[in-house]
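Quick note on my numbering: the sequence shown kicks off at 4 and runs consecutively. Glycine is no exception: its CB is placed at the ideal position from the N, C-alpha and C atoms. Predicted model, so just to flag it, every value in this text is computed and none were measured. Right, one structure below, let's go through it.
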Amino acid sequence: MAASPPLVGLSLMLEDDFLRAAYPLFAAGEVEVLEWSFDTGWPPTRVPSWADELITAYSDNDRLLGHGVHYSALSAGTQLQQHAWLDQLAVEVQQRRYRHISEHFGFASARNFHQSAPLPVPLNETTLALGRERLQRLAQIARAPIGLENLAFAFSMRDVEDQGRFLDALLEPIDGFLLLDVHNLYCQTINFDRSLDDLLATYPLHRVHELHLSGGSWSGSEASRIRRDTHDGPVPVELFDWLPRVLERCPNVEAIILERMGGTLLPDDDEPFRRDFHRLKEVVHALA
């Protein structure tokens with residue numbers, strides 16, 4: 004682990020239930036860093052004043068991380084959409100200071116795919132060249148370190164085994180960082196019957212500067228269940244047990260973010276959400 008312990012923070016959601024659950028953590032000054040998916044707040048979305056004030060405060064204190072959702076770095080045939088996205092980003096980075104900016108591995112838009120989850124992309128010379136070119140554009144506009152987040156979307160064992168070296172090859176020309184989502188690793192261990200250590204060995208762990216922790220859900224029948232990274236439940240206890248091992252293997256981690264989708268928190272979920280945050284901080288600080 005890095006010489007100083009990683010900052011522990013939250014991914015900002017705009018929904019009222021997130022504010023209700025997270026407000027005591029912000030009020031007590033416990034949230035050390037804030038991650039903001041800035042493109043979800045671009046017009047025509049209206050960002051509530053309380054959220055805008057939080058973003059500004061963390062930006063002013065150099066504790067704001069950017070996390071894009073809609074750039075879709077491995078999409079082909081969507082240049083006009085991506086140019087428009089980059090134009091918006093140029094305005095964004097003039098208004099706010101981001102320590103670094105990350106996006107998702109894979110693609111989230113292609114022609115008539117208006118709303119979708121990032122999907123796996125085969126590793127070959129064409130997709131690698133496309134992704135590198137898209138990341139170069141992103142880096143030129145952002146003028147900040149650029150990273151990609153690993154995903155749990157895979158159609159085959161080959162997708163699982165290729166993802167780490169694909170990410171490394173994409174990030175190498177810009178010396179980018181890896182945002183390692185631990186729950187996505189958890190999904191892969193279950194869906195493809197792999198161990199955590201086996202999966203970690205396939206990733207460029209020296210590039211990991213940020214971790215995500217979240218919960219998720221199950222799809223399918225009892226006989227054939229699939230774990231999904233839906234961010235709508237508590238963090239599985241196994242992830243807290245894994246965290247020391249992950250941090251030991253990832254010496255350059257600077258921030259760890261707890262994620263929970265807005266609109267998924269009932270009043271009875273508020274205290275468990277805060278317990279997850281406190282447990283995360285306890286694990287990190289115990290390792291310092």
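So, is residue 16 buried or exposed, given that buried needs 16 or more other C-beta atoms within 10 angstroms?
-> The count along the sequence shown starts at 1 and reaches residue 16 at position 13. Buried, by the Cβ-count rule.
Inspect the beta-carbon positions of residue 173 and residue 131 and report whether they are closer than 8 Å.
-> Translated into positions along the sequence shown, residue 173 becomes position 170. Translated into positions along the sequence shown, residue 131 becomes position 128. Closer than 8 Å, so yes.
In this structure, what does DSSP give as the bridge partners for residue 32?
-> Along the sequence shown, one-based indexing puts residue 32 at 29. Partner(s): none; residue 32 has no beta bridge.
Please state if the CB of residue 23 and the CB of residue 273 are separated by a distance shorter than 8 Å.
-> In the sequence shown, residue 273 corresponds to position 270, counting from 1. In the sequence shown, residue 23 corresponds to position 20, counting from 1. Cβ atoms of residue 273 and residue 23: closer than 8 Å.
DSSP three-state call for residue 118: helix, strand or coil?
-> Taking the first residue of the sequence shown as 1, we reach residue 118 at position 115. Residue placement at residue 118 is poorly supported in this model, since its pLDDT is 49, which falls under 50; the coordinates still yield a value, given next. Coil at residue 118, not helix or strand.
List the DSSP bridge partners of residue 184.
-> Stepping through the sequence shown from its first residue, residue 184 is reached at position 181. 215, per the DSSP bridge assignment.
Between which two residues does the beta strand (DSSP E) carrying residue 258 extend?
-> Position 255 of the sequence shown, counted from the start, is the residue given in the question as residue 258. Element bounds for residue 258: 258-261.
When the Cα of residue 70 is compared with those of 86, 168, 10 and 151, which residue comes out closest?
-> Against the sequence shown, residue 70 aligns to sequence position 67. When each option's Cα is compared against that of residue 70, the closest is 151.
Quickly, what does DSSP pair residue 39 with across the bridge? List them, please.
-> In the sequence shown, the residue the question calls residue 39 occupies position 36. Partner(s): 69.
Just to confirm, are residue 185 and residue 94 a CB contact at a threshold of 8 Å?
-> Mapped onto the sequence shown, residue 185 falls at position 182. Mapped onto the sequence shown, residue 94 falls at position 91. Going by C-beta atoms, residue 185 is not nearer than 8 Å to residue 94.
Three-state secondary structure assigned by DSSP to residue 296 | Nothing can be reported for residue 296: it is not among the residues displayed for the chain, which extend from 4 to 291.
Residue 50 by DSSP, collapsed to three states: which one?
-> Working through the sequence shown from its first residue, we reach residue 50 at position 47. Reduced to three states, the DSSP call for residue 50 is coil.
Does DSSP put residue 236 in a helix, in a strand, or in coil?
-> For the purposes of this step, residue 236 is identified with residue 233 of the sequence shown, where counting begins at 1. In this structure, residue 236 counts as coil in the three-state DSSP scheme.
State the start and end residues of the unbroken beta strand (DSSP E) segment that holds residue 107.
-> In the sequence shown, the residue the question calls residue 107 occupies position 104. Residue 107 -> beta strand (DSSP E) spans 104-107.
How big is the Cα-Cα spacing for residue 275 and residue 32?
-> Here the question's residue 275 lines up with position 272 in the sequence shown. Here the question's residue 32 lines up with position 29 in the sequence shown. Answer to the nearest angstrom: the Cα atoms are 19 Å apart.
Please determine, among 77, 37 and 49, the residue with the shortest C-alpha to C-alpha distance to residue 61.
-> For the purposes of this step, residue 61 is identified with residue 58 of the sequence shown, where counting begins at 1. The residue with the shortest Cα to Cα distance from residue 61 is 37.
If you follow the alpha helix (DSSP H) that residue 126 is part of, which residue opens it and which one closes it?
-> For the purposes of this step, residue 126 is identified with residue 123 of the sequence shown, where counting begins at 1. Counting along the chain, residue 126 falls outside any alpha helix (DSSP H), and DSSP gives it neither H nor E.
Rounded to the nearest angstrom, how far is the Cβ of residue 109 from that of residue 123, given a contact under 8 Å?
-> Taking the sequence shown and counting its residues from 1, the one referred to as residue 109 is at position 106. Taking the sequence shown and counting its residues from 1, the one referred to as residue 123 is at position 120. Their Cβ separation, rounded to whole angstroms, is 6 Å, which keeps residue 109 and residue 123 in contact under 8 Å.
Bridge partners of residue 149, per DSSP?
-> Within the sequence shown, residue 149 is the residue found at index 146, counting from 1. In the DSSP output, where bridge partners are listed per residue, residue 149 has 104.
Looking at the unbroken alpha helix (DSSP H) that takes in residue 294, where does it start and where does it end?
-> Because the chain spans 4 through 291 in this model, residue 294 falls outside it and cannot be assessed.
Opening and closing residue of the alpha helix (DSSP H) in which residue 86 lies | Here residue 86 refers to the residue found at position 83 of the sequence shown. Start and end: 82-98.
C-beta contact flag for residue 255 and residue 211 at 8 Å | Start at 1 with the first residue of the sequence shown, and residue 255 comes out as number 252. Start at 1 with the first residue of the sequence shown, and residue 211 comes out as number 208. Result yes, Cβ atoms of residue 255 and residue 211 sit closer than 8 Å.
So who's on the other strand from residue 10, going by DSSP bridges?
-> Position 7 of the sequence shown, counting from 1, holds the residue named residue 10. Per DSSP, 258.
Helix, strand or coil: how does DSSP classify residue 134 here?
-> Here residue 134 corresponds to residue number 131 of the sequence shown, with the count starting at 1. Three-state DSSP puts residue 134 in a helix.
Just tell me which of 28, 189, 84 and 291 has its CA closest to the CA of residue 280.
-> Taking the first residue of the sequence shown as 1, we reach residue 280 at position 277. Checking every option, the nearest Cα to that of residue 280 belongs to 28.
Under 8 Å, do residue 34 and residue 13 count as touching if we go by C-beta distance?
-> By one-based count along the sequence shown, residue 34 stands at place 31. By one-based count along the sequence shown, residue 13 stands at place 10. A contact, by the Cβ cut-off of 8 Å.
Residue closest to residue 156, alpha-carbon to alpha-carbon, out of 138, 191 and 205 | Reading the sequence shown from its first residue, position 153 is the one you call residue 156. With distances taken between Cα atoms, residue 156 lies closest to 191.
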